[in-house]
Ligand SMILES: [Zn+2]
């Protein structure tokens, strides 16, 4: 097979470069954020201002919340978290109008500054000052297998593309038709023009369109072995190909890479492990938990599975490659689940053809390997169609879906009201209410047994309360408030107070996407009966200084030991001749050995730090290593005292930041810690709090919340 030629040896070294633009919307926007004026005053001034904004420091890859960035990151993070990075390596660079061209892990302060509004001459001068043309040229000249460029007109201008720019590998450049005419013909570059027609075709506003198509392309790359070969063919229609992704194949990474991978796949075939496919039993201690009288904690399920027999010493999957048939869920690894229920979105359930077939055949309980009495809530995942005019699911179809998969709770089809869709807020509000009404009516008519939850959207406390009152009147016994993830706690409490006034006792209230320990008791007192959140899980691999949580309330930095064979930076060092492959691999091995020896009481903190810093310096010479956080981790050895079954078994491996099997285990451990605190908080006991703690409760998208 032709595709095999490309993949058989080289996929392990597949290098992807993505260059995207900064967006005005950011996770943090303090009033005194940096402005163009600050940047114009030079580096020393910027550093001083950054010190003032220290608490808002965020990696560039996480700071932007504009549509393009969010959509792009969805594709990218699907790759990273679901595929454990095996065949893929990617480097995201962001063209910032304040900082210039920067890698995604560079921590930056929030700023307000864009190329989009600059006049040509000002733009040129400022781009030159930031050395954008020079940095752009040296970055794209590297021998990448694929480069994606997602820059708006002014951002492209800042790069000053001319016929002298050399692209080191196949490059796909997305831009508007006008801009396409101005770009010189360049070897290796394929221009894909996007217009309103494509916005319509991909159900996505123009603002986020580049992010959407790039995200689809990344998913295609993971799913199809000959994707790169196709892209190289000038006659190949890229947009039609990406359009196919809409048909339920939005992120088939884990599934496709394993079981159904064609024979040309470089990945080892996955072998099923019959021992993993069993339904857990619920211990009486779990069934009688008193906190549940007040509030239940659901965890969203996003294919969070690990290999129970993972070989940490050789970094090998026991089943060849990862698949549902050889991996376990968190609740299979603990004596009892660290949550009171699961929440599964339709987009997740129907993520790939194979998964859809499995879940339809088994039902959602058997698929997730929990007994029938374990509560599972289903929703339609409003974030997945946020930019579409209407939700893609008709009510009738959704009722059938919840019934077929045997959910315990089904949420009516809502439509999110966010800043980006501000102009449609009334339309979306009314649509959500209308859907809820139809949902309940049809549910009754069909005499369905699962409990319907009426999804409420709104834009302030008053609008939420008004809708809630209507739902009660319709006859709902359970309502769910959505769209509050980015709202500050005081405003959420104000909303709850107003909702509480119109919702009688006995009607349950679910809060979607947030579970903040600091206010959880207050929320319960205001009538909230359930919440869901995956923050604890995801902090394990998002963010820097709070990857590993402990029962003492302290949070620790996980120790990053990138896999030499997979790390983009490590490979770049080798490809640029700055280090030999052997040298990188040797240093990597030394780090792992030093850590394991340290765990056994051999070697000092100083020695281990020196070894780690040497490796880190070798592969990331441009980054100042944050040794202090690692020193704290090593000195406290928190993995040694954690009573959870994962830490007891896998010990120090859990705190090493490296691949799915360590990172997700750490996430499961964090969920265990979170659940302990949640129970305490609801039972009226004090839980560790303070700024750090509160921050950890927040979803990534709302770090700004006080
Ligand atoms: Zn643990």
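Residue numbers (my numbering): 486 to 1191.
Quick reminder that beta carbons are idealized off the backbone N, C-alpha and C, glycines included.
Q. To the nearest angstrom, how far is it from the Cα of residue 630 to the Cα of residue 913?
A. Numbered from its first residue, the chain shown carries residue 630 at position 145. Numbered from its first residue, the chain shown carries residue 913 at position 428. CA-CA distance, residue 630 to residue 913, rounds to 42 Å.
Q: Could you tell me whether the Cβ of residue 539 comes closer than 8 Å to any Cβ of chain B?
A: In the structure shown, chain B does not exist; there is a single protein chain.
Q. According to DSSP, which residues form a beta bridge with residue 504?
A. Against the chain shown, residue 504 aligns to sequence position 19. Residue 504 is bridged to 578, 634.
**Q.** Exposed unless 16 or more other CB atoms sit within 10 angstroms - verdict on residue 1091
**A.** Stepping through the chain shown from its first residue, residue 1091 is reached at position 606. Per the 10 Å Cβ criterion, exposed.
Q.
Quick check on this structure: which residue in 1121, 970, 950, 886 has the alpha carbon closest to the alpha carbon of residue 903?
A. As a first step, residue 903 is located in the chain shown; it is residue number 418 there, counting from the start. In terms of Cα proximity to residue 903, the closest of 1121, 970, 950, 886 is 970.
Q. Exposed or buried, residue 1023, counting other C-beta atoms within 10 Å across all chains shown (16 or more means buried)?
A. Position 538 of the chain shown, counted from the first residue, corresponds to residue 1023. Counting other Cβ atoms within 10 Å of its Cβ, residue 1023 reaches 16 or more and is therefore classed as buried.
Q: Kindly identify the DSSP beta-bridge partner or partners of residue 597.
A: For the purposes of this step, residue 597 is taken as the residue at position 112 of the chain shown. Residue 597 pairs with 520.
Q: Give a single yes or no on whether residue 1040 has its beta carbon closer than 7 Å to a heavy atom of ligand 1.
A: By one-based count along the chain shown, residue 1040 stands at place 555. No - ligand 1 has no heavy atom lying nearer than 7 Å to the Cβ of residue 1040.
Q) Where does residue 1172 fall in DSSP's three states? A) Counted from its first residue, the chain shown places residue 1172 at position 687. Collapsing the DSSP output to three states places residue 1172 in coil.
Q | Counted within 10 angstroms of its Cβ, other Cβ atoms place residue 831 as buried (16 or more) or exposed | A | Counted from its first residue, the chain shown places residue 831 at position 346. Taking all protein chains in view, the Cβ of residue 831 is crowded by 16 or more other Cβ atoms within 10 Å, so the residue is classified as buried.
(Q) Using the Cβ count rule (16 or more neighbours within 10 Å means buried), how would you classify residue 802? (A) Residue 802 sits at position 317 when you count from the first residue of the chain shown. Around the Cβ of residue 802, a 10 Å sphere holds 16 or more other Cβ atoms; the residue is buried.
Q. Shortest alpha-carbon distance to residue 812 belongs to which of 824, 597, 793?
A. By one-based count along the chain shown, residue 812 stands at place 327. Measuring from the Cα of residue 812, the nearest candidate turns out to be 793.
Q: List in chain order: all unbroken beta strand (DSSP E) runs of 3+ residues lying wholly within the stretch 892-924.
A: Runs found: 894-896.
(Q) With H, G and I counted as helix, E and B as strand and the rest as coil, what does DSSP make of residue 1153? (A) By one-based count along the chain shown, residue 1153 stands at place 668. It is helical.
Q: Output the distance between the C-alpha atoms of residue 543 and residue 1030, rounded to the nearest integer angstrom.
A: Along the chain shown, read from residue 1 onward, the residue named residue 543 stands at position 58. Along the chain shown, read from residue 1 onward, the residue named residue 1030 stands at position 545. Here the alpha carbons of residue 1030 and residue 543 stand approximately 11 Å from one another.
Q. Are the beta-carbon atoms belonging to residue 1140 and residue 1044 less than 8 Å from one another?
A. As a working note, residue 1140 is residue 655 in the chain shown. As a working note, residue 1044 is residue 559 in the chain shown. In this structure, residue 1044 lies closer than 8 Å to residue 1140 by Cβ.
Q: Excluding the 5 residues preceding and the 5 following residue 878 in the sequence, name in chain order all residues of the same chain whose CB lies nearer than 6 Å to its CB.
A: Working through the chain shown from its first residue, we reach residue 878 at position 393. Within the same chain, residue 878 has close Cβ partners 865, 898.
Q) Taking C-alpha atoms, which residue in 1150, 893, 1162, 1145 lies nearest to residue 807? A) Your numbering for residue 807 matches position 322 in the chain shown. Here the closest residue by C-alpha is 1145.
Q | Reference residue 852, options 873, 628, 827, 876, closest by Cα | A | Stepping through the chain shown from its first residue, residue 852 is reached at position 367. Selected option, being the one with the closest Cα: 827.
Q | Per DSSP, cross-strand counterpart(s) of residue 936 | A | If you number the chain shown from 1, residue 936 lands on position 451. Answer is 894.
Q: Just the C-alpha distance for residue 857 and residue 850, rounded to the nearest angstrom, thanks.
A: Start at 1 with the first residue of the chain shown, and residue 857 comes out as number 372. Start at 1 with the first residue of the chain shown, and residue 850 comes out as number 365. Their backbone Cα atoms lie some 6 Å apart in a straight line.
Q | Any non-hydrogen atom of ligand 1 within 7 Å of residue 1157 CB | A | For the purposes of this step, residue 1157 is taken as residue 672 along the chain shown, with counting starting at 1. Under cutoff, so the answer is yes.
Q) Going by the beta-carbon positions, is the gap between residue 553 and residue 696 smaller than 8 Å? A) To locate residue 553, count along the chain shown from 1; it is residue 68. To locate residue 696, count along the chain shown from 1; it is residue 211. Cβ atoms of residue 553 and residue 696: closer than 8 Å.
Q) Of all the options 931, 595, 1059, 999, which has the alpha carbon lying nearest to the alpha carbon of residue 780? A) Locating residue 780 in the chain shown gives position 295, where the first residue counts as 1. Ranking the options by Cα distance to residue 780, first place goes to 999.
Q: Spell out a yes or no on whether the stretch 962-969 and the stretch 942-952 are touching, meaning 3 or more CB-CB pairs, one atom from each, closer than 8 Å.
A: A contact between stretches requires three or more CB pairs, one per stretch, nearer than 8 Å, and the stretch 962-969 meets this requirement with the stretch 942-952.
**Q.** Rounded Cβ spacing between residue 609 and residue 650 (contact assumed at less than 8 Å)
**A.** Here residue 609 corresponds to residue number 124 of the chain shown, with the count starting at 1. Here residue 650 corresponds to residue number 165 of the chain shown, with the count starting at 1. Not a contact, Cβ separation roughly 16 Å.
Q | Bridge partner(s) assigned by DSSP for residue 818 | A | Within the chain shown, the letter at position 333 stands for residue 818. Listed as beta-bridge partners of residue 818 by DSSP are no residues whatsoever.
Q | Cβ shell of residue 1173 (< 6 Å), same chain only, five flanking positions each side left out | A | Position 688 of the chain shown, counting from 1, holds the residue named residue 1173. Here the set comprises 1038.
(Q) On the criterion of 16 or more Cβ atoms from any shown chain inside 10 Å, does residue 680 qualify as buried, or is it exposed? (A) For this step, residue 680 is matched to residue 195 along the chain shown. Exposed is the call here.
Q. Hey, is the stretch 1116-1129 in contact with the stretch 763-778, meaning 3+ C-beta pairs nearer than 8 Å?
A. Fewer than three pairs of CB atoms, one per stretch, sit closer than 8 Å, so the stretch 1116-1129 makes no contact with the stretch 763-778.
Q) Any heavy atom of ligand 1 within a distance shorter than 7 Å of the CB on residue 1131? A) Here residue 1131 refers to the residue found at position 646 of the chain shown. Yes, since a heavy atom of ligand 1 falls inside the 7 Å radius drawn around the Cβ of residue 1131.
Q.
Are there any heavy atoms of ligand 1 lying less than 7 Å away from the beta-carbon of residue 1154, as far as the coordinates show?
A. In the chain shown, counting from the first residue as 1, residue 1154 sits at position 669. Residue 1154: yes, Cβ under 7 Å from ligand 1.
Q | Stretch-stretch touch, CB-based, cutoff 8 Å, three pairs: the stretch 773-788 with the stretch 712-723 | A | Output reads no: the stretch 712-723 does not touch the stretch 773-788.
Q: Grab me the residues of residue 900's own chain with a C-beta within less than 6 Å of its C-beta, minus the 5 sequence neighbours each way, in chain order.
A: Locating residue 900 in the chain shown gives position 415, counting from the first residue. Answer for residue 900: 876, 913, 916, 917, listed in chain order.
(Q) Between the alpha carbons of residue 1167 and residue 825, how many angstroms are there, rounded? (A) The residue given as residue 1167 occupies position 682 in the chain shown. The residue given as residue 825 occupies position 340 in the chain shown. For residue 1167 and residue 825, the gap between their C-alpha atoms comes out near 13 Å.
Q) When the Cβ atoms of the stretch 640-650 are set against those of the stretch 677-694, are three or more pairs found closer than 8 Å? A) In short, these stretches do not touch, since the Cβ pair count stays below three.
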